[in-house]
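Asks: One structure is given below, represented as structure tokens, and several questions about it will come after.
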Amino acid sequence: MLRVSQLTAAYGSAQVLNGVDLELGHKEIVALLGRNGMGKTTLMKSLMAIVPVSGGRVRLGERDITGLRTHEIAKSGVGYVPQGRGIFDKLTVEENLRMGMRALPNGAGGVPEFLYEQFPILRERRAQVAGTLSGGQKQQLAISRALCSNPKVLLLDEPSEGVQPNIVQELGVFLRGLVDRHDIAVLIVEQNLELVHQTADRFDIMVKGRIVHSGANSELDDQGMLQRFLSV
Ligand SMILES: Nc1ncnc2c1ncn2[C@@H]1O[C@H](COP(=O)(O)OP(=O)(O)OP(=O)(O)O)[C@@H](O)[C@H]1O
Ligand SMILES: [Mg+2]
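Per the working numbering, the very first residue in the sequence shown carries number 547; after that it's consecutive.
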């Protein structure tokens, strides 16, 4: 579904991505793990062309999307929930969701019903300004907004951040259900290993802008491996 090869990116003279190779299969959830500052967010931003790519390739299905602009990448089928969520606090819940539909071919249609069914609070609060939602509700809104454009690939950057544990658990259930019921694949950057365990089919670990280790969900119990790559 998504195939990233030898991707490089830099901020000025500081090279952050040093040749990332990563694949995301159809209906797969892959977790991207790594200590702070290793380049996880930079990878997501470069996939969305928010940070310019200096080398390498990104393919979405059969299509080479390297070098496309951010809105073209969104239109081609990549949904993105940035770290910190990136919702518009002063707009209402419904206005935020409508922003998510801009990437659709004719920008029309309503909020997909399954989102309101899944997150009824968003329907109840649709006229409320988003800034007054709780952390968990904001995350539900951010993910729903990204899903409004019916993406083939969803990029989630630390969705559990600032969300209380029981809501994190619900988020995990939602993500599993999402890939079960829809043609979508998810790349999730996450520090919360419980959520990773609950949702991801497999994981990749990034160290200094490169994937240095990959494993199946079952390998997340390997304390030595976690210690080696993730402990601070
Ligand atoms: N806009 C920027 N300008 C310059 N350097 C940046 C910028 N954003 C990030 N960096 C640097 O790039 C490196 C990778 O940052 P990035 O945010 O991708 O890490 P991360 O793995 O997402 O970390 P975290 O787990 O803390 O979110 C860090 O050294 C960071 O300081
Ligand atoms: Mg980050």
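Positions of the beta carbon are idealized from the N, C-alpha and C atoms, including for glycine.
Taking 9 Å as the threshold (C-beta atoms), are Gly755 and Leu563 in contact?
Replies: In contact: Leu563 and Gly755 (Cβ atoms closer than 9 Å).
Asks: So which residues touch the region around ligand 2, with touch meaning a C-beta under 7 Å from any heavy atom?
Replies: Result (chain order): Lys586, Thr587, Gln629, Asp703, Glu704 and Val735.
Asks: Does the Cβ-Cβ distance between Asn582 and Val758 come in under 9 Å?
Replies: Going by C-beta atoms, Asn582 is not nearer than 9 Å to Val758.
Asks: Drop a sphere of 10 angstroms on the beta-carbon of Asp635, count the other beta-carbons inside from all chains shown, and report buried for 16 or more, exposed for fewer.
Replies: Label assigned to Asp635: exposed.
Asks: Which residue from Ala676, Gln744 and Leu701 puts its Cα closest to that of Leu570?
Replies: Per the Cα distances, Leu701.
Asks: Using 10 angstroms around the beta-carbon of Pro598, count the other beta-carbons present and answer buried if the total reaches 16, otherwise exposed.
Replies: Per the 10 Å Cβ criterion, exposed.
Asks: Does the stretch 684 to 704 touch the stretch 723 to 730, meaning 3 or more C-beta pairs lie closer than 8 Å?
Replies: Output reads yes: the stretch 684 to 704 touches the stretch 723 to 730.
Asks: Taking 8 Å as the line, does the beta carbon of Met547 fall inside it for any heavy atom of ligand 1?
Replies: False, no ligand heavy atom lies under 8 Å from that Cβ.
Asks: My output table needs one value for Glu569: the three-state DSSP class, helix, strand or coil.
Replies: Here Glu569 sits in strand by DSSP.
Asks: Taking Cβ to Cβ, would you say Gln737 is nearer than 9 Å to Ser764?
Replies: Cβ distance not < 9 Å, so Gln737 and Ser764 don't count as in contact.
Asks: How many Å lie between Pro628 and Val719 at the Cα?
Replies: Distance between the alpha carbons of Pro628 and Val719: 20 Å.
Asks: How far does the alpha helix (DSSP H) with Gln715 in it extend, from its first residue to its last?
Replies: Unbroken alpha helix (DSSP H) run through Gln715: Pro711 to Arg727.
Asks: Would you call the CB atoms of Ile619 and Leu593 closer than 9 Å?
Replies: Against a cut-off of 9 Å, the Cβ pair of Leu593 and Ile619 comes out as a contact.
Asks: Using a Cβ-Cβ cutoff of less than 7 Å, which residues in the same chain neighbour Tyr626 once the five nearest sequence positions on both sides are dropped?
Replies: Excluding sequence neighbours, Tyr626 sits near Met590, Met594, Ala692 and Leu701.
Asks: Does the beta-carbon of Val599, which I'm using as the reference point, lie nearer than 8 Å to any heavy atom of ligand 1?
Replies: Flag unset: Cβ of Val599 not near ligand 1.
Asks: Whose C-alpha, out of Thr588, Met584 and His572, is nearest the C-alpha of Gly607?
Replies: Residue His572 is the option with its Cα nearest to Gly607.
Asks: Please list the terminal residues of the continuous alpha helix (DSSP H) segment that includes Ser592.
Replies: It spans Lys586 to Leu593 - the alpha helix (DSSP H) in which Ser592 sits, taken as one unbroken run.
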